[in-house]
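The structure appears below as C-alpha cells.
Numbering (the UniProt record's numbering), first residue to last: 1 to 298.
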C-alpha cells in the first residue's frame, strides 16, 4: 500500500472513462506525457495493459473492465472519508455524466446549465445516449454515467431510483391537417401514422389497444427518434403520438395538438444513481436541480 499513490487511481478512473490518453489528460488538467507516464506506472502496478489498441482506437482490457466499477466505489468512499464536511458548491470542480433520451436532453440541458452556472459554476455536464433501462442500470453500475433520466421499471440497491415526473401522450399533426377538424377516433385512424422505435419495430403497444377496439392503423413510417416527428408531420398528412416533452415548443403554433382519442396511461420518468454517489455533493446537487426544473405542460 505504501507504494500506491492514490492520485494514480484518480488518473486511472479518467483513463478508464475516456479510453483515450489525451482526453483523460485534458479532463485532469495534466499534460499528455505525464498522463502517459502514469498509465505506464498503472500497467506495472496491475500487471495488465489496461488500455489496448484495437481497430484504430483504444479499448479497455477485461481487467480494466473489472476494475472500473470497483474503482468508482473506492474513490467515492475515499472522498467521503477525507471530506466529511459538505463541499462548498461554488468551488466544486467535477464532470457529471447524464444518460437520457435526446428529446429529454434538449428540454433539460439549457435550463439545467443556466441554474448550475449560478449555484455551482465548476460543474460541467456530459449528456450521453440512452440505451434502454438495462443499459442505463449497467452504465450506472460500471460508473460510465453518474445519473440516468429514463424509464426504469425496476431498480434495486445499490441503485436508487426516484420519480422525476409523469409524462403524457399527445397526437401531433400539421395545423391545417384534414383530421384537425372534428378530431376523433375515425379521423385519427384515417391517416397514416409515424411510429418511433429505436429498434425499427413497426408495431407498438398502442396497436394492441387499437386492436382491442377491433380497429387498425396504418404505420407508414418508422423513425428512431421523437425529434424527427415534428418536421415530418409538418410537411405531410402523417400523424403521430409522442410524449409531451417531444413537442416542438418553439414552433408549437404550426401544429395541431390533441389528446389521444383512446385512453393512454401516463408513465413515469425516473432519475437514478448508484450508491457510490449518495454522498457526492456535485452529483446530488445536479440531481436535486433536475428535480426542481419546470418543464411545462401540454
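Don't be surprised by glycine CBs; every beta carbon is placed ideally from N, CA and C. All values reported here derive from a predicted model rather than from experimental measurement.
*Using three-state DSSP, classify residue 55 as helix, strand or coil.*
coil
*asked:* Here's the rule: buried if 16 or more other CB atoms are within 10 angstroms of the residue's CB, otherwise exposed. What is residue 176?
replied: exposed
*Taking the Cβ atom as the reference point for each residue, do residue 270 and residue 161 lie within a distance shorter than 8 Å?*
yes
_DSSP beta-bridge partners of residue 258_ = 171
*Mind pulling the alpha helix (DSSP H) runs of 4 or more residues that sit fully within the stretch 161 to 246?*
185 to 189, 205 to 212, 229 to 234
*Roughly how far, in whole angstroms, is the beta-carbon of residue 58 from the beta-carbon of residue 65, given that I think they are within contact range, below 8 Å?*
Not really, about 13 Å apart at Cβ, beyond 8 Å.
*Measuring CA to CA, which of 289, 123, 141 is closest to residue 158?*
141
_Pop quiz: residue 250 and residue 173 are said to be a contact at Cβ under 8 Å. What is the actual Cβ separation, rounded to whole angstroms?_
In fact, because the Cβ distance is near 18 Å, the residues do not count as touching under 8 Å.
*Does the distance from the C-beta atom of residue 127 to that of residue 194 stay below 8 Å?*
no
*Where the beta strand (DSSP E) containing residue 289 begins and where it ends*: Taken as a continuous stretch (DSSP letters only), residue 289 belongs to no beta strand (DSSP E), being part of the alpha helix (DSSP H) at 281 to 291.
*Tell me whether residue 124 sits in a helix, a strand or coil according to DSSP, three-state version.*
strand
*First and last residue of the beta strand (DSSP E) that includes residue 96?*
94 to 100
*Kindly indicate the opening and closing residues of the beta strand (DSSP E) around residue 147.*
147 to 150
*Contact between the stretch 285 to 292 and the stretch 114 to 126 (3+ Cβ pairs under 8 Å)*: yes
*Check each candidate in 295, 19, 114 and name the one with the smallest Cα separation from residue 54.*
19
*State the Cα-Cα distance for the pair residue 258 and residue 290, rounded to the nearest angstrom.*
28 Å
*asked:* Please report the straight-line C-alpha distance between residue 71 and residue 63, rounded to a whole angstrom.
replied: 12 Å
*Do you know whose CA, among 112, 261, 227, lies nearest residue 180's CA?*
261
*When burial is assigned at 16 or more other CB atoms within 10 Å of the CB, is residue 105 buried or exposed?*
buried
_Is it the case that the stretch 133 to 153 contacts the stretch 194 to 214, given that we only count it when at least three CB pairs across the two stretches are under 8 Å?_
no
_Considering Cα atoms alone, identify which of 274, 17, 47, 118 is closest to residue 77._
274
*Which residues does DSSP pair with residue 46 in a beta bridge?*
BP columns for residue 46 are empty, so no partner.
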